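Taken in order, these protein sequences are the chains called A and B. Just so we're aligned: 114 in the numbering used here is position 112 of the first sequence, and the numbers increase by one with no gaps anywhere. Just so we're aligned: 359 in the numbering used here is position 38 of the second sequence, and the numbers increase by one with no gaps anywhere. Using N, Cα and C, we set each Cβ at its ideal position, and we do this for glycine too. Treat the numbers as computed from the prediction; the structure is a model and nothing was measured. Note sheet for the following structure.
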Amino acid sequence: KAGVTQTPRYLIKTRGQQVTLSCSPISGHRSVSWYQQTPGQGLQFLFEYFSETQRNKGNFPGRFSGRQFSNSRSEMNVSTLELGDSALYLCASSLRTQKGEKLFFGSGTQLSVL
Amino acid sequence: DAKTTQPPSMDCAEGRAANLPCNHSTISGNEYVYWYRQIHSQGPQYIIHGLKNNETNEMASLIITEDRKSSTLILPHATLRDTAVYYCILDTLSNYKLTFGKGTLLTVNP
């Protein structure tokens with residue numbers, strides 16, 4: 003099975019621009035979540051989607067948004083970029099079983115805001 | 322804030338067992354103990370999880386104390402490729418998110 007695919011791998015933007023990141027989950031996985039990783043704050047939860055519905059959202063400003071499509075693919079958007087948005091953005095898909103839930107992460111999109 | 326406490330760093334010799342401790346003294350009865358690791362510049366990788374009993378898989382073993390207030394991840398024969406940040410995380414499966422702490426940087430030395 004193919005793993006979680008995130009595109010693009012690297013992205014350079016300037017302040018004030020917007021950006022859209024894409025995530026394709028593992029086939030059959032219906033839950034997709036997004037995390038931001040920075041050297042200062044570590045890994046922080048952004049939001050989680052299941053069957054096109056957002057089930058949980060982290061403590062980020064409204065400039066950060068996401069959505070999930072009927073095929074479980076997900077996108078996240080950051081508008082009016084700030085320098086502090088420079089980070090590695092990670093997507094994970096998961097499948098819940100009776101024994102628990104495992105998250106499978108993609109390699110991430112490294113966003114640099116200049 | 323993460324509900325677990327881990328040492329910031331540990332060293333291990335290649336071929337020896339690596340024992341990574343995690344304290345979770347305020348763990349709730351419905352919280353699972355999860356371990357993930359992150360090799361530099363990659364996304365985190367699931368290792369193992371458990372609720373009450375000790376668990377073993379092809380990657381590692383998880384030992385949870387009887388009172389569930391602490392656990393140990395054991396990599397039986399560490400290799401250089403096991404050098405990574407290891408995260409111990411508690412999850413109830415009801416919040417649909419993981420709360421990562423700072424983890425333990427394990428360095429496996431030749």
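CB contact check: residue i to chain A, cutoff 8 Å
| i | result |
| --- | --- |
| residue 367 of chain B | yes |
| residue 414 of chain B | yes |
| residue 407 of chain B | no |
| residue 420 of chain B | yes |
| residue 363 of chain B | yes |
| residue 345 of chain B | no |
| residue 370 of chain B | yes |
Candidates the options: closest to residue i by CA position
| i | options | result |
| --- | --- | --- |
| residue 106 of chain A | A:70, A:32 and A:22 | A:32 |
| residue 411 of chain B | B:345, B:334, B:338 and B:332 | B:345 |
| residue 52 of chain A | A:43, A:68, A:9 and A:101 | A:68 |
| residue 63 of chain A | A:97, A:81 and A:75 | A:81 |
| residue 116 of chain A | A:77, A:86, A:47 and A:59 | A:86 |
| residue 408 of chain B | B:354, B:335 and B:336 | B:354 |
| residue 13 of chain A | A:76, A:89, A:43 and A:47 | A:89 |
Local conformation of residue i per DSSP, three classes
| i | result |
| --- | --- |
| residue 403 of chain B | helix |
| residue 30 of chain A | coil |
| residue 85 of chain A | helix |
| residue 98 of chain A | strand |
| residue 342 of chain B | strand |
| residue 66 of chain A | strand |
N- and C-terminal bounds of the beta strand (DSSP E) containing residue i
| i | result |
| --- | --- |
| residue 331 of chain B | 330-334 |
| residue 373 of chain B | Residue 373 of chain B -> no beta strand (DSSP E), and no H or E assigned at all. |
| residue 384 of chain B | 382-385 |
| residue 79 of chain A | 76-80 |
Distance CB(residue i)-CB(residue j) smaller than 8 Å
| i | j | result |
| --- | --- | --- |
| residue 108 of chain A | residue 6 of chain A | yes |
| residue 357 of chain B | residue 348 of chain B | no |
| residue 17 of chain A | residue 112 of chain A | no |
| residue 384 of chain B | residue 373 of chain B | no |
| residue 34 of chain A | residue 72 of chain A | no |
| residue 388 of chain B | residue 396 of chain B | no |
| residue 342 of chain B | residue 426 of chain B | no |
| residue 24 of chain A | residue 8 of chain A | yes |
| residue 336 of chain B | residue 399 of chain B | yes |
Amino acids of chain D, ordered along the chain, whose beta-carbon sits closer than 9 Å to that of residue i
| i | result |
| --- | --- |
| residue 423 of chain B | The displayed structure is made up of protein chains A and B, and chain D is not among them. |
Short CB-CB distance (under 8 Å) between residue i and chain B
| i | result |
| --- | --- |
| residue 35 of chain A | yes |
| residue 58 of chain A | yes |
| residue 50 of chain A | yes |
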